[in-house]
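Protein chains in written order, with the working numbering: chain A, 1 to 113; chain B, 114 to 228. Glycine residues also receive a C-beta, built at the ideal position from the N, C-alpha and C atoms. Just so we're clear, the structure is a prediction, and the values are computed from it rather than from any experiment.
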Amino acid sequence: AQSVTQLGSHVSVSEGALVLLRCNYSSSVPPYLFWYVQYPNQGLQLLLKYTTGATLVKGINGFEAEFKKSETSFHLTKPSAHMSDAAEYFCAVISDSNYQLIWGAGTKLIIKP
Amino acid sequence: DTGVSQNPRHKITKRGQNVTFRCDPISEHNRLYWYRQTLGQGPEFLTYFQNEAQLEKSRLLSDRFSAERPKGSFSTLEIQRTEQGDSAMYLCASSSPQGNRETQYFGPGTRLLVL
């Protein structure tokens, strides 16, 4: 069975500092991996995705993620945090059997001024 | 705006009442998904449609829940005899017909509060 683990329910960084949100997955088939962002009382917005090909994936708002098969990881990074990045971030893998997304528990990103 | 839309955005109801939510997917997308999200948690899969066919339902979807997509376009999710535990954000997503594991695009959600 596939699963996603996000380390840290809350991550706090200073404005301008590096953002690193961790995601590990388990999958018996090559995974399709996603990061979504959710602002308060809003739906989920796709940040970036990995399907095949280049393992370093660039997304919106300056975020990127690197797929590392050997580490079963898909960590999300941004070189310099901005106040507007404060939100909850979800990592997900798409099921290989029924197309549903299998989600991590989410990481709330807090930006300190 | 050609994104996924959901109505209403907010719904407050009394326990025991029925509620119905609507989702309009991106027009060329043939797959439509419903998820439920409670506070502080990731979304949980409820059900999905390919065109008008409902292909899978989660165990979370009790017999008080029913979803339809009669013409393969918009979908409705009805909850009968609502309970306080039904309070959550209900999210709809759609995806294009290309491939088997394509990207899902989400609507803004409907937040339900059962008093």
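*Glu-157(B) versus Lys-68(A), Gly-104(A) and Leu-48(A), residue with shortest Cα-Cα distance*: That would be Gly-104(A), whose Cα lies nearest to the Cα of Glu-157(B).
*asked:* I need the DSSP call for Ile-110(A), collapsed to helix, strand or coil.
replied: strand
*asked:* Please classify Gln-150(B) as buried or exposed, where buried requires at least 16 neighbouring CB atoms within 10 angstroms.
replied: buried
*Does the separation of the CB atoms of Val-11(A) and Ile-110(A) fall below 8 Å?*
yes
*DSSP puts Thr-126(B) in a beta bridge; with which residues?*
Val-227(B)
*Can you name the residues of chain B whose CB is closer than 9 Å to the CB of Gln-2(A)?*
Those do not exist, as Gln-2(A) stays about 11 Å from chain B at its closest Cβ, beyond 9 Å.
_Under 7 Å, CB to CB, which of the residues in the region 165–190 of chain B have a partner in chain A?_
Glu-169
*Identify, in the order they occur along the chain, each residue of the same chain with its Cβ nearer than 7 Å to the Cβ of His-142(B), setting aside the five sequence neighbours on each side.*
Ser-207, Ser-208 and Ser-209
*Would you decide whether Ile-102(A) is buried or exposed? Buried here means 16 or more other CB atoms lie within 10 Å of its CB.*
buried
*Run down chain B in chain order and give the residues with a C-beta less than 7 Å from the C-beta of Trp-103(A).*
Using a Cβ-Cβ cut-off of 7 Å, Trp-103(A) is close to Gly-155 and Pro-156 of chain B, given in chain order.
*With Tyr-161(B) and Gln-100(A) assumed to form a contact (beta carbons below 8 Å), what rounded beta-carbon distance in angstroms separates them?*
6 Å
*asked:* Comparing C-alpha positions only, which one of Pro-138(B), Cys-136(B), Tyr-146(B) and Leu-152(B) sits nearest to Leu-159(B)?
replied: Comparing Cα-Cα distances from Leu-159(B) to each of Pro-138(B), Cys-136(B), Tyr-146(B) and Leu-152(B), the minimum goes to Tyr-146(B).
*With 8 Å set as the bound, which would you pick, yes or no: does the beta-carbon of Arg-134(B) sit closer than that to a beta-carbon of chain A?*
For clarity, residue 134(B) is Phe in the given sequence; the question names Arg instead. With its beta carbon at least 8 Å from every one in chain A, Phe-134(B) lies outside the interface.
*In this structure, what does DSSP give as the bridge partners for His-82(A)?*
His-82(A) pairs with nothing; no bridge assigned.
*Determine the closest residue to Arg-198(B) out of Val-117(B), Gln-163(B), Lys-184(B) and Phe-178(B), with distance taken between C-alpha atoms.*
In the sequence as presented, Arg is not what sits at residue 198(B); that position holds Gly. The shortest C-alpha separation from Gly-198(B) is found at Phe-178(B).
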